[in-house]
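Below is one structure, written out as structure tokens, with a few remarks after it.
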Amino acid sequence: MAAGTNAPRLAFIGFGEAGPLIAGGLLGAGAASVAAYDILVDDPAARDAWIAKAGAVPARACAQPAEAVGDADLILSTVTSERALEAASAAAPHLRAGQLYLDLNSCSPGKKVKAAAAVEAASPARYVDVAVMDTVPGRGHKVPMLLAGPAAQEAAERLAPFGMTLEVVGDKVGQASTIKMARSVFMKGLEAILCESLVAADRAGVADRVLASIQGTFPDLDWRRLATYHMGRMALHGRRRAVEMESVADTLTDLGLDPFTAVGSGRRQMWVAELGLRERFGAKGPETLEDFLAAVAEADSASGG
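Here the numbering used here is used: the first residue of the sequence shown is 28, the next is one more, and so on.
Okay, here's the thing in structure tokens:
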């Protein structure tokens, strides 16, 4: 799709990891332009690097949410989950009729409902609950997304020309995020279980035997490859995953279910984050499972764990 006179202008609120990847894909698929705002613009230590990162997309770096959303047709919120409501409240007074506010953040249905109320109480724009159902790196704007809310079908139609992987799952805000949160109990929990199992086995000198046993029980999956991938994701994104698990726990509590599995998974994710593996390995993460386990052992020993 080539950009034309009817191509939408996009604004991103939050432009860290996912935002630039999605924005770049949408520009390549025909979006007219991208404007971006991120709180890093207010951090003197990070501002210049963030502006350069936005320019490489290319996106117009903005100093305020109002500047970013003013000329946009579609606003995509890709902040951290704990800032989703704050971002919606900051953007809301500057939104206008005809705009759609797409909330892609991994937060609880309850928070999505509050964000929708903030947007629609302060503006004539319409809010859409969006759940991103897989990792964005490697998929970009084609990562599977679920949409919910009264404006979900309209959003799907306006995004259809970009070749995205979209599914409308309901007309109530929170329906998409409920699916995401329930899935995260399994996905982030699987990472936490693998981590705990393999770190314990490594301390006992039997990691290869434990992994071989798991492989024998579930022979249709390559467990070494899976463990390497998921431990790498924990090393790089454990803190963000831990925060997401707080939203998962809120969701389960609202559904009347004690979230002890989600809470435990979040604690293990944060445990990995606090070992400083992201700083050790850089953006690529550990190349092998052995690299991850050795780094955990070294960092945990240094911290007195």
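All C-beta atoms, glycine included, are put in the ideal place defined by N, C-alpha and C.
From a predicted model like this one, the values you see are computed outputs, not experimental measurements.
Pairwise C-alpha distance: residue j and residue i
| i | j | result |
| --- | --- | --- |
| Leu217 | Glu325 | 23 Å |
| Gly137 | Ala231 | 43 Å |
| Glu263 | Ala300 | A small fix is needed here, since residue 263 is Leu in this sequence, not Glu. One C-alpha to the other measures close to 8 Å. |
| Arg153 | Gly197 | 15 Å |
| Ile206 | Leu279 | 11 Å |
| Ser328 | Ala321 | 11 Å |
| Ser240 | Ala63 | 48 Å |
| Asp156 | Ala143 | 8 Å |
| Ala227 | Gly265 | 18 Å |
| Val146 | Val68 | 23 Å |
| Leu221 | Pro35 | 43 Å |
| Gly6 | Ala86 | Residue 6 lies beyond the stretch modelled for the chain, which goes from 28 to 332, so this question has no answer here. |
| Leu112 | Val140 | 9 Å |
| Val212 | Asp277 | 12 Å |
| Ile49 | Val159 | 11 Å |
| Ala119 | Ala149 | 6 Å |
Contact test: residue i Cβ vs the ligand MG heavy atom, cutoff 8 Å
| i | result |
| --- | --- |
| Gly291 | Absence of the ligand MG from the depicted structure is noted, as is the absence of any ligand whatsoever, leaving it without description. |
Three-way DSSP call (helix, strand, coil) for residue i in this model
| i | result |
| --- | --- |
| Met28 | Here the model assigns Met28 a pLDDT of 45, short of 50, so the residue's position is not dependable, and the following value carries that caveat. Residue state, collapsed to three classes: coil. |
| Ala90 | coil |
| Asp70 | coil |
| Phe39 | strand |
| Leu53 | helix |
| Asp130 | strand |
| Ser60 | strand |
| Ala175 | strand |
First through last residue of the beta strand (DSSP E) which encompasses residue i
| i | result |
| --- | --- |
| Glu194 | Leu193 to Gly197 |
| Met297 | Not the beta strand (DSSP E): Met297 falls in the alpha helix (DSSP H), residues Phe287 to Ala300. |
Pick from the options that is closest to residue i, judged by C-alpha positions
| i | options | result |
| --- | --- | --- |
| Gly57 | Tyr128, Asp69, Pro71 and Leu37 | Leu37 |
| Gly167 | Asp285, Arg305 and Leu54 | Leu54 |
| Asp281 | Ala117, Val270, Ala187 and Cys134 | Cys134 |
| Pro151 | Ala254, Arg123, Ala187 and Val84 | Arg123 |
| Met272 | Ala289, Met261 and Arg260 | Ala289 |
| Ala209 | Phe42, Pro286, Asp70 and Ala115 | Pro286 |
Limits of the alpha helix (DSSP H) - the one that residue i falls within
| i | result |
| --- | --- |
| Val226 | Gln202 to Arg230 |
| Asp153 | Asp is not the amino acid found at residue 153; the sequence shown has Arg there. Counting along the chain, Arg153 falls outside any alpha helix (DSSP H), though it belongs to the beta strand (DSSP E) covering Arg153 to Val159. |
Next on the checklist: Could you check whether the segment 241-253 touches the segment 178-195, counting it as contact only if at least three pairs of C-beta atoms, one from each stretch, sit closer than 8 Å?
Outcome noted: With the cut-off at 8 Å, the segment 241-253 and the segment 178-195 do not touch.
Checklist entry - Given 8 Å as the limit, is there contact between the segment 311-321 and the segment 281-298, that is, 3 or more CB pairs closer than that? => result no
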